[in-house]
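Only one structure is covered here, and it is reproduced in the block below.
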Amino acid sequence: MGISQTNCNKIEHLSEPRVFRERLLVRDALTDKLARVTCGQHPLDAYYAPDTVCAVFDEQTGAFRGLVPVQYISQYPMRIFADLLPRKALVLYPEDAPLEDIEPVLSGDSNTLAVAVADGAGNFVGAVTRASLLEALLQWHQSMEYQLMRDNKHLSRRLDELNQASQALLGLLDDTQDIQTLAREGIGILATLIEARYGAVGLLDEAGEWDNFYYTGISPEQARRIGPLPEGKGLLGVVTRENAKLNIRDMASDPRAAGFPPGHPPMSSLLAAPIVYHETMLGRVYLCDKTGGQAFTADDERIVSSFANTFALVLQQAREQHLRRELEARQALAAKVFEHSQAGIMITDAQANIQAVNPAFTLITGYRIEEIQGKNPSILSSGEHDTVFFQRMWRDLREQGEWQGEIKNRHKNGEINTEWLKINAVYDDCGAVSHYIATFLDISDRLQSNERIRRLANYDVLTDLPNRALARELIKNAILGARAAGRKMALLFMDLDHFKQINDSFGHAAGDQLLQAVTRRLLSCIRAHKSAIPPDAVARQGGDEFTLLLCDLETADEAGLVAQRLLDTFRDPFSIAGQNLYLSLSIGIALSPVDGDNIDDIIRHADMAMYEAKRAGRNTYKYFCREMAAHCSETLGLKNDLHHALEEGQLLLHYQPRLSITSDRVVGFEALMRWRHPQHGLISPAKFIPLLEESTLFEKIDDWLLKSACRQCREWQ
């Protein structure tokens, strides 16, 4: 912070022309808020007031190492002073150097908050901060004003008033950093000091656009009627465009007065000055008409210019304090996030040495900061990632500045955790990596939950075999693999013969045990060879139906050999609930590409072949053939037609007499049911009786048969 040489030259015009040879030196701005600390000290061991700067010395040699402003401590509360020192080379400014030499170093455009000062021998004597520089410049500014006007009683009184006004403005800065309040109060103070009837201040934002205007001497309603003043036009445009003062004693004779908006109050005289800080235009101030009716004097002009310079300092300081508060608020928020985040956070230096971790890190890994500070994150390595994995990670960090992905790390107790990790590189002002920040979440439970859900969706709960959905996917892959390799695959559909009778006799618990025992025997028959891609697989279709997928077959006979092995395996009894239970299989075999080259055809044909094995007496296997498809189609049609046969009167009874061998007399009749199909004629009982037994019509037709036979007997009687 500071008053530029240009502004200082303006102040010299407050008195008769003369040049002040008294110059401020660096020693005149030394701060009294200096704390001496050592490199190994921790900032949290003591309290430091705001604006304090800590001078850091080596514990052993006593050598001065650098400055640490208190603002840095809040950014990195876990570091010792040695780690808070700036990375830039240490610079000591001579105490007898002109103060203006360090003004640019401590300006608002710089990140430097304090500079170190040495005597002629190079020994550290103190520090200059932004605050102490501002205070020295303001005191010097006031001193110059007093020297310029000490011989003039009237000017002394005006300077006293100016000093009071400046102090009032600085007092406002202590009470508030709100720029709107400072602007309104500031223009009010200036208008009172100059005895102006009306005044206004206009401020530019950081982009150089007019932000707002603040008035005194008029009502809010009048201010609204005025609205925004023209940008860069008229009299006031000269002030900001040319960085020049204006003192117009007769507005009526100046054509530039036409640039004011229609709602502006009438005025006879105008005094305006730019508000400039380090050659940066911050805005303009103007006043209209003294209350006594006289024109603005040269003294008024000098006072307004001086006040504008002070206001520029205050305004810039307010803006910097506002930015500092925002930065501190963001840092405080970041600290809270760091402390309370559920994600683990680890901060390392550029060499990947751990510097700080948050509580969530300790919760996830089991390590406290004192156990791993200064160590490499490899202490968490699980050993389950190869060198290539970490080479790719560091390549992304070098080229992109970040990496994220799934990683397995080892907890302090030895357990392996799966984590989602993101690492970001942090760069210094020179573009070099200064730190790495790693954030991670333990996703082990989520992965386990996802795995449980996946198994529930794809595997049978009772037998832990692939279920119907996963079996379809396996069959599809086997068909594609066989097609690509020019080989065959086979699907064996298996049904447990008479399982329902066992389940009904011994209960569902025994039935479940039997299904699990069956599963073990089926798995024992899977071929053990290395060339199967994908491998053979057993699946449960549901109920007492299973499938066996055979991949990479050279001939169809291989499937028959496996089927026979399955039948042989089932010759031995199953020991369930203290009973030896015998169980057999009916197996249907379909081959790809012989019997179909898509999943639906293969499943349907294997199912047909299985039912053919049942019709053949069970405990056997059958290959699919095209005749089975025709037979199945016929059977399905008969099943559907059977549902309408009773209602449409297609069923009839034939009676066969029973004769006594001894008397040769009729002693009874056998009622034989026949089905006269409207298209196919008489259907053999051998065809439709098994279909009837499998359908839900059996009881209904049985009731019809009994009633019809009884009715016929009554008629014969």
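If you're matching positions, the sequence shown starts at -19 in my numbering and goes up one per residue. For each residue, glycine too, the CB sits at the ideal point set by N, CA and C. All figures in this text were calculated on a predicted structure; none of them were measured in a lab.
(1) To the nearest whole angstrom, what separates the beta carbons of Asp532 and Arg467, a pair I think is in contact under 8 Å?
(2) Tell me the rounded alpha-carbon separation between Phe678 and His660.
(3) Give the secondary structure of Arg59 by DSSP, where H, G and I count as helix, E and B as strand, and everything else as coil.
(4) How many Å lie between Leu303 and Leu47 at the Cα?
(5) Relative to the C-alpha of Thr186, which residue among Ala536, Arg299, Asp63 is closest?
(6) How many Å lie between Tyr562 and Arg372 at the Cα?
(7) Rounded to whole angstroms, how far is the Cβ of Gly179 from the Cβ of Leu170, which I believe are closer than 8 Å?
(8) Go through the region 284 to 329 residue by residue and report every complete run of the alpha helix (DSSP H) that reaches 4 residues or more, in order.
(9) So for Pro339, helix, strand or coil by DSSP?
(10) Classify Gly661 as helix, strand or coil using the three-state DSSP reduction.
(11) Ignore the nearest five residues each way along the sequence and tell me which others in Leu503's own chain have a CB closer than 8 Å to its CB.
(12) Using the three-state DSSP reduction, which class does Thr527 fall into: helix, strand or coil?
(13) Please report how far the alpha carbon of Asp537 lies from the alpha carbon of Glu453, in whole angstroms.
(14) Can you tell me whether His121 is buried or exposed, with buried defined as 16 or more other CB within 10 angstroms of its CB?
(15) Measuring CB atoms only, is the region 111 to 119 touching the region 71 to 91, in the sense that at least three cross pairs come out at less than 8 Å?
(16) Measure from the alpha carbon of Arg426 to the alpha carbon of each residue in Ala29, Glu399, Ser664, then state which is nearest.
(17) Thinking C-alpha only, which one of Asn404, Pro670, Gln630 is nearest Leu662?
(18) Should Ala539 be labelled buried (16 or more other beta-carbon atoms within 10 Å of its own) or exposed?
(19) Is the beta carbon of Lys402 less than 8 Å from the beta carbon of Glu382?
(20) Is it buried or exposed, Leu293, if we count other Cβ atoms within 10 angstroms and call 16 or more buried?
(21) Just list the residues that DSSP pairs Gly568 with in beta bridges.
(22) Let me know the secondary structure DSSP gives Gln697 once reduced to three states.
(23) Taking C-alpha atoms, which residue in Pro665, Asp683, Ala651, Lys667 lies nearest to Gln692?
(24) Between the region 486 to 503 and the region 552 to 559, do at least 3 Cβ pairs fall closer than 8 Å?
(25) Is DSSP giving Gly168 helix, strand or coil here?
(26) Take the Cβ of Asp587 as the centre, count every other Cβ of all protein chains shown within 10 Å, and call the residue buried at 16 or more, exposed below.
(27) If you reduce the DSSP assignment to three classes, tell me which class Gly(-18) lands in.
(28) Answer yes or no: the CB of Gln353 versus the heavy atoms of the ligand GTP, is any distance below 7 Å?
(29) Do Ala98 and Leu14 have their C-beta atoms within less than 8 Å of each other?
(30) Could you pull out every residue in the same chain whose Cβ sits closer than 7 Å to the Cβ of Ala29, ignoring the five residues on either side in sequence?
(31) Considering just the uninterrupted stretch of the beta strand (DSSP E) at Arg177, what are its terminal residues?
(32) Quick check: Asp422 and Asn397, are their CB atoms within less than 8 Å of each other?
(33) Does the structure place the region 619 to 638 close enough to the region 595 to 608 that three or more beta carbon pairs sit under 8 Å?
(34) Going by other Cβ atoms of all chains shown within 10 Å of its Cβ, with 16 needed for buried, is Trp374 buried or exposed?
(35) Grab the span of the beta strand (DSSP E) containing Tyr591 for me, first residue to last.
Working from what's here:
(1) Within the sequence shown, residue 532 is the residue found at index 552, counting from 1. Within the sequence shown, residue 467 is the residue found at index 487, counting from 1. Right, the Cβ-Cβ distance comes to about 5 Å (below 8 Å), so this counts as a contact.
(2) For the purposes of this step, residue 678 is taken as the residue at position 698 of the sequence shown. For the purposes of this step, residue 660 is taken as the residue at position 680 of the sequence shown. Looking at the two C-alpha atoms, the distance is approximately 22 Å.
(3) Reading the sequence shown from its first residue, position 79 is the one you call residue 59. Looking at Arg59 - three-state DSSP - the assignment turns out to be coil, as it is neither helix nor strand.
(4) Locating residue 303 in the sequence shown gives position 323, counting from the first residue. Locating residue 47 in the sequence shown gives position 67, counting from the first residue. The alpha-carbon atoms of Leu303 and Leu47 are separated by roughly 22 Å.
(5) In the sequence shown, residue 186 corresponds to position 206, counting from 1. At residue 186 the sequence reads Glu, which differs from the Thr that was named. Of Ala536, Arg299, Asp63, the residue nearest in Cα terms is Arg299.
(6) Working through the sequence shown from its first residue, we reach residue 562 at position 582. Working through the sequence shown from its first residue, we reach residue 372 at position 392. Distance between the alpha carbons of Tyr562 and Arg372: 59 Å.
(7) One-based indexing of the sequence shown puts residue 179 at position 199. One-based indexing of the sequence shown puts residue 170 at position 190. Contact flag correct, Cβ pair sits at about 6 Å.
(8) none
(9) Position 359 of the sequence shown holds residue 339. The answer is helix: DSSP assigns Pro339 an H, G or I state.
(10) Translated into the one-based positions of the sequence shown, residue 661 becomes position 681. Looking at Gly661 - three-state DSSP - the assignment turns out to be strand.
(11) The count along the sequence shown starts at 1 and reaches residue 503 at position 523. Closer than 8 Å at Cβ, skipping near neighbours: Val518.
(12) Within the sequence shown, the letter at position 547 stands for residue 527. If DSSP states are grouped into helix, strand and coil, Thr527 belongs with the strands.
(13) Counting from one through the sequence shown, the residue named residue 537 turns up at place 557. Counting from one through the sequence shown, the residue named residue 453 turns up at place 473. So the alpha carbons of these two residues sit roughly 25 Å apart.
(14) Against the sequence shown, residue 121 aligns to sequence position 141. Looking at its Cβ environment, which holds 16 or more other Cβ atoms inside 10 Å, His121 is buried.
(15) yes
(16) Counting from 1 along the sequence shown, the entry for residue 426 is found at position 446. Measuring C-alpha to C-alpha distances from Arg426 to each of Ala29, Glu399, Ser664 identifies Glu399 as the nearest.
(17) For the purposes of this step, residue 662 is identified with residue 682 of the sequence shown, where counting begins at 1. Closest by alpha carbon: Gln630.
(18) Here residue 539 is taken as the residue at index 559 of the sequence shown, counted from 1. Label assigned to Ala539: buried.
(19) Taking the first residue of the sequence shown as position 1, residue 402 is located at position 422. Taking the first residue of the sequence shown as position 1, residue 382 is located at position 402. Glu382 is positioned such that its CB atom lies closer than 8 Å to that of Lys402.
(20) Counting from 1 along the sequence shown, the entry for residue 293 is found at position 313. The residue is buried, with at least 16 neighbouring Cβ atoms inside 10 Å.
(21) Taking the sequence shown and counting its residues from 1, one reaches residue 568 at position 588. Answer is Phe473, Lys602, bridged to Gly568.
(22) Here the question's residue 697 lines up with position 717 in the sequence shown. Coil.
(23) Translated into the one-based positions of the sequence shown, residue 692 becomes position 712. It is Ala651.
(24) yes
(25) Position 188 of the sequence shown, counted from the first residue, corresponds to residue 168. Gly168 falls in the helix class under three-state DSSP.
(26) Position 607 of the sequence shown holds residue 587. When all chains shown are included, Asp587 counts as buried.
(27) Residue numbering aside, residue -18 sits at position 2 when the sequence shown is read from its first letter. Residue confidence is low: Gly(-18) scores 36 on pLDDT, short of 50, so the model does not pin down where it sits. Its coordinate-derived value is still stated next. Note: Gly(-18) maps to coil in three-state DSSP.
(28) As far as ligands go, the structure on display features none, and thus does not contain the ligand GTP.
(29) By 1-based counting over the sequence shown, the position of residue 98 is 118. By 1-based counting over the sequence shown, the position of residue 14 is 34. Not a contact, by the Cβ cut-off of 8 Å.
(30) Locating residue 29 in the sequence shown gives position 49, where the first residue counts as 1. These residues qualify, in order along the chain: Lys13.
(31) In the sequence shown, counting from the first residue as 1, residue 177 sits at position 197. Here the beta strand (DSSP E) through Arg177 covers 176 to 184.
(32) By one-based count along the sequence shown, residue 422 stands at place 442. By one-based count along the sequence shown, residue 397 stands at place 417. Yes, they are a contact pair.
(33) Taking a contact to require three or more Cβ pairs closer than 8 Å, the region 595 to 608 and the region 619 to 638 do not qualify as touching.
(34) Here residue 374 is taken as the residue at index 394 of the sequence shown, counted from 1. With fewer than 16 other Cβ atoms within 10 Å, it is exposed.
(35) Residue mapping note: residue 591 aligns to position 611 of the sequence shown, counting from 1. No beta strand (DSSP E) contains Tyr591, which is instead part of the alpha helix (DSSP H) from 579 to 595.
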